[in-house]
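Worksheet: one structure, shown below.
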Amino acid sequence: MNQHVRPPIRSEYDLVLPPFVEVPVERVLPLSTRIWQQGWLRKGLILVALALVWEALARWQDNDLLLPGFGATLAALVEGLGSGELLERARISLTVLAEGYLGGVVLAFGLTTLAVSTQFGRDLLSTLTAMFNPLPAIALLPLALLWFGLGSGSLIFVLVHAVLWPLALNTFAGFQGVPETLRMAGRNYGLTGLAYVWQILIPAALPAILSGLKIGWAFAWRTLIAAELVFGAASGQGGLGWYIYQNRNELYTDRVFAGLLLVIAIGLIVENVVFATFERLTVRRWGMVR
Amino acid sequence: MTLVAERRDVSAARPEPSPARTEAEAPPAGLPAPLLRVSDLTLEYRTPERVVRATHRVGFDVYEADRFILLGPSGCGKSTLLKAIAGFIPPVEGSITLGGEVVRGPGPDRIVVFQEFDQLPPWKTVAQNVAFPLRAAGLVGRREAEARARHYIDKVGLTPFADSYPHQLSGGMKQRVAIARALATQPKVLLMDEPFAALDALTRRKMQEELLALWEEVRFTLLFVTHSIEEALVVGNRVALLSPHPGRLRGEYNSHDFDLTSVGSAAFQAAVQRLHGRLFETDPETPVPAAPAR
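Protein sequences, first through last, are from chains F and D. If you're matching positions, the first sequence starts at 1 in our numbering and goes up one per residue. If you're matching positions, the second sequence starts at 1 in our numbering and goes up one per residue.
The structure is reproduced here in structure tokens:
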């Protein structure tokens, strides 16, 4: 190879560009693509597909006692909702759930605020989460019944336990992930203590906090239904879990499925309406998650 | 040629505290009291294994409306020095006084413009971001904060983007917001930590131009950290040169005659060469050629 090849010297040129008119600079996407971009449509199709598979399986099985079809379940659900019984059960469950969930959230924020401000708080949080996070909430229920009696008190206790640890862990991880520059900017403005946590750390860690809230919600919901299945009628009026348990005993399998369907539906609504709206108004709008 | 190693005697006397030190402390005749005085400042930072000395007995004075540059290679502790002045790092030795008061912690009288773009809370719009320190520090009421935010957003030419979120802006625009936010707070001294280093060359040049235009208009006091000799000479009126490991003051030089239009001139190139020689001198014992008298 000749090392001394020099590129040829070419003449310069100057173009006067006319305005660009051949094709539009921007084009709208085809209608089908735009429709397919709707998240609710894609998720809805998944749900429809699952319902069809369920119905097909039930018809093939052909035993209403073991596996009622989607249609039969839907009929039981409509009947339950119409009579008001299911709504009342759901209301009872959700009220207990809200109390336990809020309690867990408040405690989690208290614990993590302590953890970001002191070394002792950090040690306390990491030790407590390491100890209690792996402990299934339902395992605490017998103990809770002993301590708080047969009432919503023990349910709330296990709910707090179900929410507190995962949320505290996620929130703390989120706080630690806040960029150093943003922290310094906040302190630079003269923010300290609780104002600093509220105005800088919590918004900056919101994606992690939100995922903690979602995990906490799922844990709480499943713990509540499970607890009601076992000790549900404790307070005299049971929630959704108790409804499922009762109907299983009486072999109303379609009602069992209707109860389960409502549990799933509430979960889907909370996830796709409540959390999704909150996400859209905050972290998505701020460009913190895509 | 204006690059004069002024006060060489003073800076030479600085490293060792001596009886002559007290005389050097007093403002030289004909000068007003300095706004910001850094004296004998030693800073250290911790890594998990060791304690590292970032600066060793650094001292300089910044006067009202100065555009004071801290110039040095990486490892000379210039950013650490700026963070100490901002109040994020407590001094090991020496003191920092701003307007006669000792700096004890971060506060809104020293707003920092960082290099990183993530200094703007992403959950606030441009207008909210500029008003945020005003409200957080409780300096002014809501209405006044909004009015002031609008005023300074207009100054940096971002009025059309006042309601956009930071993630919708380019890097240069984010730095403009950071500068507007800093100016709106009307700090006693504006601290800038390589604010344009993460920008492309064209945007950087434009931002330097805009910063100088803003200074012409508002006459804030600026302490500016950079590792670019050209940027130091263009932006500053006085350049303090720091040597690395640990950071010690190598000298202070005037650069008030230079602006973006003088970049190509012979005097500017000579000044660059001088500073370049001092930055890259191999043997610190080599005597520096005497500075031509002004």
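Even for Gly, the Cβ is constructed at its ideal location relative to N, Cα and C. Please read these numbers as outputs of a predicted model, since none were measured by experiment.
Next on the checklist: For the segment 176 to 187 of chain F against the segment 125 to 139 of chain F, do three or more pairs of beta-carbon atoms, one drawn from each stretch, fall closer than 8 Å, so that the two count as touching?
Outcome noted: Between the segment 176 to 187 of chain F and the segment 125 to 139 of chain F, the count of C-beta pairs closer than 8 Å stays below three; the two stretches do not touch.
Item to check | Beta-ladder partner(s) of Leu191(D), from DSSP | outcome: Beta bridge pairing from DSSP links Leu191(D) with Val112(D) and Leu223(D).
Next on the checklist: Less than 8 Å between CB atoms is the rule here; does Phe88(D) satisfy it with respect to chain F?
Outcome noted: yes
Checklist entry - With 16 other CB atoms within 10 Å as the buried threshold, where does Gln38(F) fall? => result exposed
Item to check | Ala139(F) to Thr112(F) span [Cα, whole Å] | outcome: Spanning the two alpha carbons is a distance of roughly 25 Å.
Item to check | Cα-Cα separation between Phe224(D) and Leu194(F), rounded to whole angstroms | outcome: 32 Å
Next on the checklist: For the alpha helix (DSSP H) containing Ala85(F), name the first residue and the last one.
Outcome noted: Before going on, a small fix: residue 85(F) reads as Glu here, not Ala. Going by DSSP, Glu85(F) is part of the alpha helix (DSSP H) stretching over Glu85 to Ser117.
Checklist entry - Any C-beta of chain F sitting closer than 8 Å to the C-beta of Gly172(D)? => result no
Item to check | Chain-ordered chain F contacts of Tyr45(D) [CB-CB under 9 Å] | outcome: Residues of chain F passing the Cβ test: none, with the nearest at roughly 13 Å.
Item to check | Three-state class that DSSP yields for Glu23(D) in the structure shown | outcome: Residue confidence for Glu23(D) is low, a pLDDT of 40 falling below 50, so the modelled location carries little weight and cannot support an answer.
Next on the checklist: Rounded to whole angstroms, what is the Cα-Cα separation between Gly251(D) and Gly277(D)?
Outcome noted: 13 Å
Next on the checklist: Three or more C-beta pairs under 8 Å: does that hold for the segment 216 to 229 of chain F against the segment 33 to 47 of chain F?
Outcome noted: A contact between stretches requires three or more CB pairs, one per stretch, nearer than 8 Å, and the segment 216 to 229 of chain F fails this requirement with the segment 33 to 47 of chain F.
Checklist entry - Three or more C-beta pairs closer than 8 Å, one from the segment 163 to 175 of chain D and one from the segment 115 to 132 of chain D: is that the case here? => result yes
Item to check | Where Tyr253(D) falls: helix, strand or coil (DSSP) | outcome: strand
Next on the checklist: If we define contact as Cβ-Cβ less than 8 Å, is Thr282(F) a contact residue for chain D?
Outcome noted: yes
Checklist entry - Residues bridged to Leu70(D) by DSSP? => result Val225(D) and Ala240(D)
Item to check | chain F within 8 Å of Glu25(D), Cβ atoms only | outcome: Unreliable placement is indicated for Glu25(D), whose pLDDT of 47 sits below 50; the coordinate value is still reported in the next sentence. No, Glu25(D) does not count as interfacial toward chain F.
Checklist entry - By how many angstroms is the C-alpha of Leu145(F) removed from the C-alpha of Arg46(D)? => result 51 Å
Item to check | Helix, strand or coil at Thr55(D) according to DSSP, with G and I counted as helix | outcome: strand
Checklist entry - What do you reckon, are the CB atoms on Gly75(D) and Pro195(D) nearer than 8 Å? => result no
Checklist entry - Around the C-beta of Gln208(D), are 16 or more other C-beta atoms found within 10 angstroms, so that it is buried, or is it exposed? => result buried
Checklist entry - Is the shortest distance between the beta-carbon of Gly141(D) and the beta-carbons of chain F less than 8 Å? => result no
Checklist entry - chain D partners of Leu191(F), CB-CB under 7 Å? => result From the beta-carbon of Leu191(F), the residues of chain D found nearer than 7 Å are Ala136.
Item to check | Residue from Asn237(D), Gly105(D) and Leu158(D) with nearest C-alpha to Ala65(D) | outcome: That would be Asn237(D), whose Cα lies nearest to the Cα of Ala65(D).
Checklist entry - Which value, in whole angstroms, describes the spacing of the CA atoms of Leu114(F) and Asn133(F)? => result 18 Å
Next on the checklist: What does the Cβ neighbour count give for Asn131(F), buried or exposed, with the cut at 16 atoms within 10 Å?
Outcome noted: One point to set straight first is that residue 131(F) is Met, not Asn, in the sequence displayed. Met131(F) should be labelled exposed.
Item to check | Met131(F): contacting residues in chain D (beta-carbon distance under 8 Å) | outcome: Chain D residues near Met131(F): none, gap ~27 Å exceeds 8 Å.
Item to check | 8 Å Cβ cutoff, Trp286(F) in contact with chain D | outcome: yes
Checklist entry - Is it a yes or a no for the segment 30 to 50 of chain D touching the segment 93 to 100 of chain D, going by three-plus beta-carbon pairs under 8 Å? => result yes
Next on the checklist: I want to see whether chain F comes within less than 8 Å of Val177(D), judged by CB atoms only; does it?
Outcome noted: Chain F contact via Cβ: absent.
Item to check | Spatial neighbours of Glu281(D) in its chain, beta-carbon cut-off 7 Å, leaving aside the 5 residues before and after | outcome: So no residue of the chain qualifies.
Item to check | Opening and closing residue of the beta strand (DSSP E) in which Gly94(D) lies | outcome: Glu93 to Leu98
Checklist entry - Of all the options Leu35(D), Val52(D) and Val235(D), which has the alpha carbon lying nearest to the alpha carbon of Asp204(D)? => result Before going on, a small fix: residue 204(D) reads as Arg here, not Asp. The shortest Cα separation from Arg204(D) among Leu35(D), Val52(D) and Val235(D) belongs to Val235(D).
Next on the checklist: If the cut-off is 7 Å on Cβ atoms, which residues from the segment 104 to 118 of chain D count as contacting chain F, listed in chain order?
Outcome noted: Pro106, Gly107, Pro108, Ile111, Val112, Phe114, Glu116 and Asp118
Item to check | Span separating the alpha-carbon of Gly87(D) from that of Val103(D) | outcome: C-alpha separation (whole angstroms): 6 Å.
Checklist entry - Does DSSP classify Tyr45(D) as helix, strand or coil? => result Tyr45(D) falls in the strand class under three-state DSSP.
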